[in-house]
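Student: The numbering used here numbers the first residue of the sequence shown as 32 and each following residue consecutively.
Where is the CB? At the ideal position from N, CA and C, for every residue including glycine.
Keep in mind it's a predicted model, so treat the numbers as computed, not measured.
Just dropping this structure here.
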Amino acid sequence: MDASLHHFGVLQIEPTDVCNLSCTMCAPHHEGWAQIHGVPKGRMDLDLYRRIVDGLADEECRFDHVIFQWLGDPSLHPDLEEMVAHAQDRLGDLVNYLRIDTNAITLTPSRMDRLVEVYARRPEVPLLLVFTIDAVTAATYERVKGQDALLRVRKHVRHLLRRRAELSGEVNLNVELQFVLQPGNAHEAGDFIAYWSDFLACQGASSGHTDIMIKRLSVGAGGPGQLEADELYERSCTEQGIRAEVREHVEVKVWERRPWESTAGNEAKRQPCPGLWMTPVIRHDGHLMMCCADLGGELDLGSLDEAGFRTLWEGPAALKKRVDHIEGRFEGVCADCGGINWYTTTNEVVEDTLRRRDADAVVGLHRG
């Protein structure tokens, strides 16, 4: 049986949808949207978060991993470290690892030290820190991210890498240095790899795994501009000799698959979107969302403060949306989406969904 039937995919928990950057690649923050999900911006209440995580643990909900981030920067939540610690305690046996995606601007050396301390409480639970940096020069950083903060970011990340090197024994505190290739920074992708490779080599043997990810740009859920972004990515990697490889102190990764199943100018027959099975998101107000690409908050399954995860994720509203996709009906927010392409909807997942639909239909007939 496919492993995806044994867990609920990759869970994203949104500590906040507020961000301190205005990256050109991020429409909600670059364009200054007053609301992102159809609700006011905010931070997740820590007590609410604990209730939700406790509920996931009590229901034994398994996930491949948990990401602390959706449409804001999680480091802007003052209790991020406590959130990670609570997830270690309650979900550590139910996930493969925990992950934080951040620009690192507010993760000062003292906060980086705190994250190391949190990790060290339960080192058997792997923690991945993904730092999205996207530039080598200060001018490029400011151009694509809207703020002159590159030197600060480097200082913070380098501090974390040095602190990690001080840990002894087998270390599962892992780091990804991310470069989202896009107009405005494409020319620096190769230099980005060189800069961080040289820094890591100078540090000598380090604890934990480090990779450099040269990532594709996602444009409007596969809408206009996505095809050009994909072509820029492929051309830049070829011209700069960027390829997946393992170096002495770092692994270089590239994103070989295009992010969307279909794009403008590159149409493909839509398949049932794996996001409906594999990308649950918990919004900062505690609502369970059905897809990480749903910026408007249309696929809202309800509050996890009022119902359990399994009740909502396996409930009638979620089942109907999945069956619609299986039967070729792409409506609402899904109508203009290219369909995420970084997971796969297997035949077993489809068959399991249809069995659930048929079982519910039988129950409905008996009740009638």
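With H, G and I counted as helix, E and B as strand and the rest as coil, what does DSSP make of Tyr-128?
Tutor: strand
Student: In angstroms, rounded to a whole number, what distance separates the CA positions of Leu-191 and Gly-339?
Tutor: 36 Å
Student: To the nearest whole angstrom, what separates the beta carbons of Ser-293 and Gly-253, a pair I think is in contact under 8 Å?
Tutor: 6 Å
Student: Arg-74 by DSSP, collapsed to three states: which one?
Tutor: strand
Student: If I measure Cβ to Cβ from Ala-34 and keep anything under 6 Å in the same chain, skipping five residues before and after, which residues do I get?
Tutor: Because Ala-34 carries a pLDDT of 40, less than 50, the predicted location of this residue cannot be relied on, and no value is offered for it.
Student: Determine, using beta carbons only, whether Lys-300 comes closer than 8 Å to chain D.
Tutor: Here chain D cannot be found, since the structure has a single protein chain.
Student: What three-state label does DSSP hand Ser-141 in the structure shown?
Tutor: helix
Student: Compute the distance between the beta-carbons of Val-161 and Leu-129, then report whether it is under 8 Å.
Tutor: Judged by beta-carbon spacing, Leu-129 lies beyond the 8 Å limit of Val-161, meaning their Cβ atoms are not closer than that value.
Student: Classify His-280 as helix, strand or coil using the three-state DSSP reduction.
Tutor: Secondary structure at His-280: coil, using DSSP grouped into helix, strand and coil.
Student: Helix, strand or coil: which one does DSSP assign to Gln-257?
Tutor: helix
Student: Could you say if the segment 339–359 and the segment 302–314 meet the contact criterion of at least three C-beta pairs nearer than 8 Å?
Tutor: As far as the Cβ criterion goes, the segment 339–359 touches the segment 302–314, which means the pair count is three or higher.
Student: Give me, in chain order, the residues of the same chain whose beta-carbon lies closer than 8 Å to that of Asp-277; leave out the 5 immediate sequence neighbours on both sides.
Tutor: The sequence as given places Val at residue 277; Asp does not occur at that position. Excluding positions up to five away in sequence, the list reads Val-283.
Student: Around the C-beta of Lys-300, are 16 or more other C-beta atoms found within 10 angstroms, so that it is buried, or is it exposed?
Tutor: Classification for Lys-300: exposed.
Student: Could you pull the DSSP bridge partners for Ser-334 from this structure?
Tutor: DSSP lists His-318 as partners of Ser-334.
Student: With Phe-162 as the anchor, note down where its beta strand (DSSP E) starts and where it stops.
Tutor: 158–163
Student: Tell me whether Val-211 sits in a helix, a strand or coil according to DSSP, three-state version.
Tutor: strand
Student: Give me the Cα-Cα distance between Glu-197 and Arg-360, rounded to the nearest whole angstrom.
Tutor: Taking the straight line from one Cα to the other gives about 54 Å.
Student: If you follow the alpha helix (DSSP H) that Thr-342 is part of, which residue opens it and which one closes it?
Tutor: 340–344
Student: I'd like to know whether the C-beta atoms of Gly-103 and Glu-45 end up nearer to each other than 8 Å.
Tutor: yes
Student: Could I get the ranges of all uninterrupted alpha helix (DSSP H) runs contained in the segment 45–105, with 4 residues as the minimum, in chain order?
Tutor: 58–61 and 77–89
Student: Once you ignore the five residues that flank Leu-36 on each side, which residues in its own chain have a CB closer than 7 Å to its CB?
Tutor: Because Leu-36 carries a pLDDT of 45, less than 50, the predicted location of this residue cannot be relied on, and the following value inherits that uncertainty. So the list reads Glu-379, Val-380 and Asp-383, once near-sequence residues are dropped.
Student: Tell me which residues share the same chain as Ser-249 and place their Cβ nearer than 6 Å to its Cβ, disregarding the 5 neighbours each side in the sequence.
Tutor: Pro-290
Student: Would the segment 168–182 count as touching the segment 206–216 if we require 3 or more Cβ pairs under 8 Å?
Tutor: Because the criterion of three Cβ pairs below 8 Å is met, the segment 168–182 and the segment 206–216 touch.
Student: Can you name the residues that DSSP bridges to Trp-291?
Tutor: Ile-371
Student: Which same chain residues end up closer than 7 Å to Ala-220 when comparing Cβ atoms and leaving out the 5 residues on each side of it in sequence?
Tutor: Phe-210, Leu-212, Ile-245, Ser-267, Gln-271 and Ile-273
Student: Could you give the DSSP three-state label for Val-466: helix, strand or coil?
Tutor: Outside the displayed range of the chain (32 to 399) lies residue 466, so it cannot be described from this structure.
Student: Helix, strand or coil for Gln-43, going by three-state DSSP, please let me know.
Tutor: strand
Student: If you measure between the beta carbons of Thr-29 and Gln-302, is that distance less than 8 Å?
Tutor: Nothing about residue 29 can be read from this structure; the chain reaches only from 32 to 399.
Student: Taking the straight line between their C-alpha atoms, what separation do you get for Leu-343 and Gly-333?
Tutor: 7 Å
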